[in-house]
Amino acid sequence: MTSAAAKNVDARKPAIYLVVGAVLALGSMLLGGLASGEPTGPAQAPQAGGAPTAPAPACTEAVRESLRPQGPLPAPGAMPAGSTMAVIADRGRLIAGVDQGKFLAGYRDPLTGNLSGSDIDIVRRIAAAIFGDPERVQYVVLNIADRAAALERDQVDVVVNSFTVTCARQRVVEFSAPYMPASQRLLVPVDSGIREVEDLAGRTVCTSRGSTTEIVLRNLGLQVESLTGIPDCVLELQRGRVAAVSSDDVILAGLAAQDPNTRVVGRALDTSRYAVGMRPDEPDLVRFVNGVLEAARADGSLAASNRHWYTGRLDPVPPPPPPVYRD
Numbered sequence: 001m002t003s004a005a006a007k008n009v010d011a012r013k014p015a016i017y018l019v020v021g022a023v024l025a026l027g028s029m030l031l032g033g034l035a036s037g038e039p040t041g042p043a044q045a046p047q048a049g050g051a052p053t054a055p056a057p058a059c060t061e062a063v064r065e066s067l068r069p070q071g072p073l074p075a076p077g078a079m080p081a082g083s084t085m086a087v088i089a090d091r092g093r094l095i096a097g098v099d100q101g102k103f104l105a106g107y108r109d110p111l112t113g114n115l116s117g118s119d120i121d122i123v124r125r126i127a128a129a130i131f132g133d134p135e136r137v138q139y140v141v142l143n144i145a146d147r148a149a150a151l152e153r154d155q156v157d158v159v160v161n162s163f164t165v166t167c168a169r170q171r172v173v174e175f176s177a178p179y180m181p182a183s184q185r186l187l188v189p190v191d192s193g194i195r196e197v198e199d200l201a202g203r204t205v206c207t208s209r210g211s212t213t214e215i216v217l218r219n220l221g222l223q224v225e226s227l228t229g230i231p232d233c234v235l236e237l238q239r240g241r242v243a244a245v246s247s248d249d250v251i252l253a254g255l256a257a258q259d260p261n262t263r264v265v266g267r268a269l270d271t272s273r274y275a276v277g278m279r280p281d282e283p284d285l286v287r288f289v290n291g292v293l294e295a296a297r298a299d300g301s302l303a304a305s306n307r308h309w310y311t312g313r314l315d316p317v318p319p320p321p322p323p324v325y326r327d
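Residue numbering for the sequence shown follows the UniProt record's numbering, starting at 1 and increasing by one per position.
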């Protein structure tokens, strides 16, 4: 795993990590599939005569169901013979694709040098279920556009990187049941008087160019400035050139935590859900991860993680969504 798109990270290695760097890394995840380069569907293959095949039907709605866990989880260190989990156990480490620049979700703690956040908590749970040791992880820092590709190339076992379930991604990725909902909301200055999207009448809201967030805002008839990424929008907000920034509330919460002069407001303008991404040809791992998430919902640890990271930064802190299975 030495490509430019993916970098192995030792979670115990200290690193200089500036808050500005965290903010810059945050914005890239908001670019939609077309803007980020993530796959939006199978490529058109030429037919025998050189003519392209008919394009695949357009995605309209993501499938909400995942694969049901099969019985109780095996004991750590006793993975079923021949299973994907046994292969991971024999290797001695779980390989997880993550980010290190999404504050509160997946970021490198500047004090400890360790990776931390709500996404990292999920990775550690999966490792603990396989090995009995949450530290048995090889973290691979992925560019946002390379999350699905890293799975296709078998560079990682799982991707836990605020990975939104979409119809296009489901063509190449098998997702777990969701572990966190996300809502499109607003980031505004604390003294702006803006509470809801209606308060933006005659004012400009900024978001990342090409994102689904931009489409939602324009459909509401708002005056929208679209820039390369959310960090550019934050700079415009700080300069007073836009009245608000719109994105996933989880990302906005990280930004607000870094800038106490801002806060997250408003009702949900759109909703999505984050889930663990895996290879479609490893359904046993998908079922196993769903079993891990089921256990975390049942014992309250999944909700406790959300509260730990987002209390005082998101109001309300979203509870884990209930799973829906297709078999």
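Positions of the beta carbon are idealized from the N, C-alpha and C atoms, including for glycine.
Just so we're clear, the structure is a prediction, and the values are computed from it rather than from any experiment.
**Asked** Cβ atoms of GLN100 and ARG108: under 8 Å apart, would you say?
**Response** Taking the sequence shown and counting its residues from 1, one reaches residue 108 at position 108. Taking the sequence shown and counting its residues from 1, one reaches residue 100 at position 100. Yes, Cβ-Cβ distance for ARG108 and GLN100 is below 8 Å.
**Asked** On the premise that THR204 lies in contact with VAL264, defined as a C-beta separation below 8 Å, what is that separation, rounded to the nearest angstrom?
**Response** Residue numbering aside, residue 264 sits at position 264 when the sequence shown is read from its first letter. Residue numbering aside, residue 204 sits at position 204 when the sequence shown is read from its first letter. With a Cβ gap of about 18 Å, VAL264 and THR204 do not count as contacting.
**Asked** Where does GLU196 land, buried or exposed, given buried means 16+ other C-beta within 10 angstroms?
**Response** Locating residue 196 in the sequence shown gives position 196, counting from the first residue. By the 10 Å Cβ count, GLU196 comes out exposed.
**Asked** In three-state terms, what does DSSP make of residue 353?
**Response** The chain is shown from 1 up to 327; residue 353 falls before or after that span and cannot be answered.
**Item:** DSSP-derived helix/strand/coil call for PRO231
**Value:** In the sequence shown, counting from the first residue as 1, residue 231 sits at position 231. It is helical.
**Asked** With C-beta atoms as the reference, is VAL250 less than 8 Å away from MET180?
**Response** Within the sequence shown, the letter at position 250 stands for residue 250. Within the sequence shown, the letter at position 180 stands for residue 180. Yes, they are a contact pair.
**Message:** Whether or not the region 71-89 and the region 273-286 are in contact is what I'm after, with contact meaning three or more pairs of Cβ atoms, one per stretch, closer than 8 Å; do they touch?
**Reply:** yes
**Prompt:** Can you find a CB in chain B that lies within less than 8 Å of the CB of ALA268?
**Reply:** Among the chains of the structure shown, chain B does not appear; only one protein chain is present.
**Request:** Identify the continuous alpha helix (DSSP H) that holds LEU200 and give its terminal residues.
**Result:** In the sequence shown, the residue the question calls residue 200 occupies position 200. That residue, LEU200, is in no alpha helix (DSSP H); it is neither H nor E in DSSP.
**Item:** According to DSSP, residues forming a beta bridge with THR204
**Value:** Position 204 of the sequence shown, counting from 1, holds the residue named residue 204. Its beta-bridge partners are GLN223.
**Asked** Roughly how many whole angstroms lie between the Cα atoms of ASP270 and ALA89?
**Response** Taking the sequence shown and counting its residues from 1, the one referred to as residue 270 is at position 270. Taking the sequence shown and counting its residues from 1, the one referred to as residue 89 is at position 89. So the two alpha carbons sit approximately 39 Å from each other.
**Item:** Same chain, Cβ closer than 7 Å to ASP133, neighbours up to 5 away in sequence not counted
**Value:** Within the sequence shown, residue 133 is the residue found at index 133, counting from 1. ALA127.
**Request:** Using 7 Å as the cut-off, classify the Cβ of GLU135 as near or not near the heavy atoms of the ligand SAH, replying yes or no.
**Result:** Of ligands this structure carries none, so the ligand SAH is not represented either.
**Request:** Rounded to whole angstroms, what's the CA-CA distance from ILE122 to TYR274? Just pull it up for me.
**Result:** One-based indexing of the sequence shown puts residue 122 at position 122. One-based indexing of the sequence shown puts residue 274 at position 274. Taking the straight line joining both Cα atoms gives about 11 Å.
**Request:** Count the CB pairs spanning the region 294-307 and the region 229-240 that are closer than 8 Å, and state whether there are at least three.
**Result:** no
**Request:** Verify whether the separation of the beta carbon atoms of ALA253 and LEU186 is less than 8 Å.
**Result:** To locate residue 253, count along the sequence shown from 1; it is residue 253. To locate residue 186, count along the sequence shown from 1; it is residue 186. No, the pair does not count as a contact, with Cβ atoms beyond the cut-off.
**Message:** Let me confirm a value: ARG147 is counted as buried when at least 16 other C-beta atoms fall within 10 Å, else exposed. Which label applies?
**Reply:** In the sequence shown, the residue the question calls residue 147 occupies position 147. ARG147 is buried by the Cβ-count criterion.
**Prompt:** Between the C-alpha atoms of LEU115 and GLY221, what's the straight-line distance to the nearest angstrom?
**Reply:** As a position in the sequence shown, residue 115 is number 115, starting the count at 1. As a position in the sequence shown, residue 221 is number 221, starting the count at 1. If I take the Cα positions, the gap works out to 40 Å.
**Request:** Look at the alpha carbon of SER192 and the alpha carbon of ASN219, and state the distance between them as a whole number of angstroms.
**Result:** What you label residue 192 is simply residue 192 of the sequence shown in a count that begins at 1. What you label residue 219 is simply residue 219 of the sequence shown in a count that begins at 1. One C-alpha to the other measures close to 24 Å.
**Request:** Report yes if the CB atom of VAL159 is closer than 8 Å to the CB atom of VAL245, and no otherwise.
**Result:** Start at 1 with the first residue of the sequence shown, and residue 159 comes out as number 159. Start at 1 with the first residue of the sequence shown, and residue 245 comes out as number 245. No, the pair does not count as a contact, with Cβ atoms beyond the cut-off.
**Whole-number beta carbon distance between SER272 and ASP248, since they are thought to touch under 8 Å** = For the purposes of this step, residue 248 is taken as residue 248 along the sequence shown, with counting starting at 1. For the purposes of this step, residue 272 is taken as residue 272 along the sequence shown, with counting starting at 1. Their Cβ separation, rounded to whole angstroms, is 7 Å, which keeps ASP248 and SER272 in contact under 8 Å.
**Request:** To the nearest angstrom, report how far apart GLU65 and ALA177 are at their CA atoms.
**Result:** Residue 65 sits at position 65 when you count from the first residue of the sequence shown. Residue 177 sits at position 177 when you count from the first residue of the sequence shown. Using only the alpha carbons, I get a separation of about 7 Å.
**Item:** Runs of alpha helix (DSSP H) wholly within the region 227-306 (minimum 4 residues, chain order)
**Value:** 230-238, 249-258, 283-298
**Request:** Look up TYR179 in the DSSP assignment and say whether it is helix, strand or coil.
**Result:** The residue you call residue 179 lines up with position 179 of the sequence shown. Looking at TYR179 - three-state DSSP - the assignment turns out to be coil, as it is neither helix nor strand.
**Asked** Thinking C-alpha only, which one of LEU104, ALA145, PHE288 is nearest ALA75?
**Response** Sequence index remark: in the sequence shown, residue 75 carries index 75 (1-based). When each option's Cα is compared against that of ALA75, the closest is PHE288.
**Inter-residue spacing [alpha-carbon to alpha-carbon] between ILE144 and ALA78** = In the sequence shown, residue 144 corresponds to position 144, counting from 1. In the sequence shown, residue 78 corresponds to position 78, counting from 1. About 34 Å.
**Rounded separation between ASN306 and PRO318 - CA only** = Counted from its first residue, the sequence shown places residue 306 at position 306. Counted from its first residue, the sequence shown places residue 318 at position 318. Spanning the two alpha carbons is a distance of roughly 7 Å.
**Asked** So, helix, strand or coil for ILE95, using DSSP?
**Response** Numbered from its first residue, the sequence shown carries residue 95 at position 95. If DSSP states are grouped into helix, strand and coil, ILE95 belongs with the strands.
**Prompt:** Among all the DSSP beta bridges, which residues are the ones paired with ALA189?
**Reply:** Here residue 189 refers to the residue found at position 189 when the sequence shown is read from its first residue. Reading off the sequence shown, one finds Pro at residue 189, where the question assumed Ala. DSSP output for PRO189 lists THR262 as bridge partner(s).
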